[in-house]
Amino acid sequence: MVVIHISDRYRERAAWLVKPVQLAIHSTVHSSEAGDGDVIEQQLEGFFEEREQYWVLKYKEGSPDSSDDVNTTVKAGKDEAIVIRQGVVNYRQTYRLDQKTYSRIEIPGGVSETEVETLEYDRKRSEVEGQVRLSFRLAMGGEAMGSYLLNIKWTEVTA
139 MVVIHISDRY
149 RERAAWLVKP
159 VQLAIHSTVH
169 SSEAGDGDVI
179 EQQLEGFFEE
189 REQYWVLKYK
199 EGSPDSSDDV
209 NTTVKAGKDE
219 AIVIRQGVVN
229 YRQTYRLDQK
239 TYSRIEIPGG
249 VSETEVETLE
259 YDRKRSEVEG
269 QVRLSFRLAM
279 GGEAMGSYLL
289 NIKWTEVTA
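First residue of the sequence shown? That's 139 in the numbering used here, and the numbers climb one at a time after it.
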């Protein structure tokens, strides 16, 4: 009986800390220096949690009809962001302003080493909304893949 009581208490605490959010995700990919780049915009539902060192956003990318879903977690800290993707694409990449960081990405075609040079990183939040913005250069397997801009805005969903 005590275990159930602790579980219920934990669930109440978790419900208070984890808040449903509506996400607007804007990604721009520049595979070369010329042109406006390719833009991907998504409107998704997810969850926000404020932890001691990070703001954490969790959401699922994909469609209800597809088996290619990707669970994404974005941890936005004061000086770094960590993006974790699990599904048809798997990686854990850390972004630190003016630094190069390294990771591995698993895709259906195999595994590759990644190198990221973070050019811009910012996070801001008000009582019911927030934003994480980062730009970076990406190289995979030693080959330059271009520059990327990721802008995630969220608004808490009220009952």
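Cβ atoms here follow ideal geometry from the backbone N, Cα and C, with glycine treated the same way.
All figures in this text were calculated on a predicted structure; none of them were measured in a lab.
The three-state secondary structure of L257, taken from DSSP, is strand. By the beta-carbon neighbour count (other beta carbons within 10 angstroms, threshold 16), I245 is exposed.
Uninterrupted beta strand (DSSP E) stretches at least 3 residues long and entirely within the region 175-253 occur at 176-188, 192-199, 208-215, 218-225, 228-234 and 238-245, given in chain order. Contact between S285 and R271 does not hold, since the beta-carbon distance rounds to 14 Å and is not under 8 Å. With fewer than 16 other Cβ atoms inside 10 Å of its own Cβ, A282 counts as exposed.
Closest option to A277, judged by alpha-carbon separation, among K262, W193, T252 and A214: T252.
Between V167 and D176 the beta-carbon gap is near 5 Å, inside 8 Å, which marks them as a contact.
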